[in-house]
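Residue numbers (this note's numbering), protein chains in the order written: chain L, 63 to 439; chain B, 63 to 439. A virtual CB, placed ideally from N, CA and C, is assigned to each residue, including glycine. Data block below; observations after.
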């Protein structure tokens, strides 16, 4: 595969970051990757923002024998929808990235060393907003001398970052492609994010967040990640994951166990990822999503106020079976933006994966993305 | 309210129960209530089966000043859809009923005294099937000298019991009214039931189920009941429950807390009920649902085999926004039954409560229920 992207993680540092909620975070560092080349006019850059459990590894492989490429590799690369022969793509890690112990992730969060104490922050880490993730990205983008992005895009929490960009910095991009995300979600998602988080706090190993000198709260974190994973999928997927069958050798009369094939599928999916993840980072991420207001970085205090500031033409991609960001929210946002004169179009993804169709089935929207990126606005 | 039903809990005892999975349970007792009068021909009886977190209190009040009546009071009573001037209604508690410490519930489960040891069973209680719940009900019905019920009905897990009746004892009822339930659910619900259960097992106070001499695992049980509650509702409901707002006096920057109005709504809803509930009972109930096969009490070993045994005309009531028993499962079961010559009709419930519409919005199907009960088959 001669056209395969080989990529390397890079590191972006900010000595200090003014936080949306007040206060300053010192010694900020996040990872990023780039694909393609920045042109002389510096007007071909596209920023890709990652989802809740994702990283800046949006495309390509670190090594030719990596089993999997980045999460949106189906649409990012040479000759693909986000054509790296034409565009310069930047993908960055967020603050408090879930995968704090992934060697290919650089992030700043509660597991990071607090420069004031030399010890991990734990819950002394300040509450951070998605608007803060975007402030870091903006500094990263400006470090390339880029004043205006061709596009900002990303799935799920990456879509929320995309709306934050468009609402707080409406002149900083030509267009946006938020996928499987709705800035106007209601208390349903707020409540579910609390359901994701609560197993961590039930695990005695969590110790009120002060576990960095002890064994981490792996059982609680794995339980939290299982809920998140099941929530992000949909019922059709469960048939391919074993359905209602009892797993080989498991005993359904043992109520202390989780003996079904679907239990094992979720356990296996999470067990590989949980050792890379930090429990406090998950709590901070959940809270950043729960308190999300688009445009918060520019002073907006309500969803309506933030949406009213958006000017960039938008291609909103969504999955009709999504149970995380419900399709009616996406459709209502499209209507709101359209009603204020923004050029909005929508694209639907099919597939059995619910919300997760926005990752694994994104190629279905490839032509729509390519056309939308190529257009002059 | 002269027509108000005043009801009293009664107790049904079985010296022993042969379990579907093998073995015998001794000293079985469940509670039940009756509304209306059994006629001389003993052919006007209707059995009502309760949902996962419900009890045999289907209608009426224990005392005139009870704040709330039974859960289906909107359709059961004098002159109502299930007209107690015409029909004799029996509602019974299941085995391992969640509300083991409710003074108006009688049940046999892991919190009960094991006659072999004189101590609570804990996890030594045998795994019980929904078919076992129905075996107890069948003995209860027969204790009245009733050979054939005019109808079996119930919501959610009560609907699963209804299908079990129809598949295991096809000549024992004239008709069935399963509501917000589908016997052919897939691994999606299996997996979610594991998600409901897992917080209990994370709570160190659970002690592998052996907590009866100690403080119970209340934190885990409340977390489990919050997930169950949110799952049984839907997004439109969350707006009336406070939406995304921060609760009065709560601090959204404290990630160790659950500060949103929706969190408080769920906490309050559960806090009133959790002291009545037993954590092990919830685990056993979850497993009884996960292993459900209609007709298991009559030897069926697959959903298809069980459904093929059903003959009783069916009115299947469902909520299109149901996220517990998905509407496509209900529709597929209706099609299966219809295809084998069963007279099947369906009725939809509207409302913002998702699955829970089957409880709080059941009156919407009242006329359909009354007509279906009055018809001759």
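Under 6 Å Cβ to Cβ from residue i, same chain only, skipping five residues before and after it: list those, please.
| i | result |
| --- | --- |
| residue 129 of chain L | none |
| residue 426 of chain L | 411 |
| residue 96 of chain L | 152 |
| residue 368 of chain L | 229, 355, 356, 357, 362 |
| residue 316 of chain B | none |
Are residue i and residue j touching if we call contact CB-CB under 7 Å?
| i | j | result |
| --- | --- | --- |
| residue 151 of chain B | residue 138 of chain B | yes |
| residue 106 of chain L | residue 237 of chain L | no |
| residue 133 of chain B | residue 98 of chain B | no |
| residue 154 of chain L | residue 223 of chain L | no |
| residue 82 of chain L | residue 166 of chain L | no |
| residue 246 of chain B | residue 365 of chain B | yes |
| residue 283 of chain L | residue 336 of chain L | yes |
| residue 160 of chain B | residue 295 of chain B | no |
| residue 266 of chain L | residue 285 of chain L | no |
| residue 215 of chain L | residue 110 of chain L | yes |
| residue 114 of chain L | residue 94 of chain L | no |
| residue 428 of chain L | residue 143 of chain L | yes |
| residue 379 of chain L | residue 409 of chain L | yes |
| residue 124 of chain L | residue 338 of chain L | no |
| residue 297 of chain B | residue 248 of chain L | yes |
| residue 264 of chain B | residue 264 of chain L | yes |
| residue 387 of chain B | residue 244 of chain B | yes |
| residue 374 of chain B | residue 235 of chain B | yes |
| residue 226 of chain L | residue 203 of chain L | no |
| residue 207 of chain L | residue 104 of chain L | yes |
| residue 188 of chain B | residue 116 of chain B | no |
Ordered along the chain, which non-local residues of its own chain (more than five positions away) have a Cβ less than 8 Å from that of residue i?
| i | result |
| --- | --- |
| residue 376 of chain L | 228, 237, 238, 239, 240, 396, 399, 404, 405, 406, 407 |
| residue 64 of chain L | Low confidence applies here, because residue 64 of chain L scores a pLDDT of 46, under 50, leaving its location unreliable and the question unanswered by this model. |
| residue 329 of chain B | 284, 288, 320 |
Give the range of the alpha helix (DSSP H) segment to which residue i is assigned.
| i | result |
| --- | --- |
| residue 66 of chain L | Segment: none, residue 66 of chain L is in no alpha helix (DSSP H) and carries neither H nor E. |
| residue 199 of chain L | 192-205 |
| residue 434 of chain L | 428-436 |
| residue 107 of chain L | Per DSSP, residue 107 of chain L belongs to no alpha helix (DSSP H); it is in the beta strand (DSSP E), 107-111. |
| residue 234 of chain B | Premise fails: residue 234 of chain B is in no alpha helix (DSSP H) and is neither H nor E. |
| residue 300 of chain L | 297-302 |
| residue 391 of chain L | 389-401 |
| residue 137 of chain B | It is not in any alpha helix (DSSP H) - residue 137 of chain B carries neither H nor E in the DSSP assignment. |
| residue 293 of chain B | 280-293 |
| residue 421 of chain B | 419-422 |
| residue 343 of chain L | 341-352 |
| residue 369 of chain B | 365-370 |
With respect to the beta strand (DSSP E) encompassing residue i, which residues constitute its N-terminal and C-terminal limits?
| i | result |
| --- | --- |
| residue 151 of chain L | 150-154 |
| residue 225 of chain B | Residue 225 of chain B -> not in any beta strand (DSSP E); alpha helix (DSSP H) instead, spanning 219-230. |
| residue 77 of chain B | 72-80 |
DSSP puts residue i in a beta bridge; with which residues?
| i | result |
| --- | --- |
| residue 410 of chain L | L:380 |
| residue 95 of chain L | L:153 |
| residue 176 of chain B | B:181 |
| residue 323 of chain L | None; residue 323 of chain L has no bridge partner. |
| residue 247 of chain L | The partner list for residue 247 of chain L (beta bridge, DSSP) is empty, contrary to what the question assumes. |
| residue 241 of chain L | L:217, L:379 |
| residue 501 of chain L | Residue 501 of chain L lies beyond the range of chain L shown here (63 to 439); nothing can be said about it. |
| residue 125 of chain L | None; residue 125 of chain L has no bridge partner. |
| residue 145 of chain L | L:139 |
Which same chain residues, not among the five before or five after residue i, have their C-beta less than 7 Å away from its C-beta?
| i | result |
| --- | --- |
| residue 306 of chain B | 322 |
| residue 10 of chain B | For chain B, the structure presents residues 63 to 439; residue 10 of chain B sits outside this window and is missing. |
| residue 402 of chain B | 370 |
| residue 384 of chain B | 242, 416, 417 |
Taking only beta-carbon atoms, is residue i less than 7 Å away from chain C?
| i | result |
| --- | --- |
| residue 189 of chain L | As a matter of chain content, chain C is missing from the structure shown, whose protein chains are L and B. |
> Is the stretch 201-221 of chain L in contact with the stretch 289-298 of chain B, if contact means three or more CB pairs nearer than 8 Å?
Replying inline: no
> Is the stretch 267-284 of chain B close to the stretch 416-434 of chain B, with three or more CB pairs under 8 Å?
Replying inline: no
> With a cut-off of 8 Å, do at least 3 Cβ pairs link the stretch 257-272 of chain L to the stretch 340-351 of chain L?
Replying inline: yes
> Is the stretch 244-260 of chain L close to the stretch 312-324 of chain B, with three or more CB pairs under 8 Å?
Replying inline: yes
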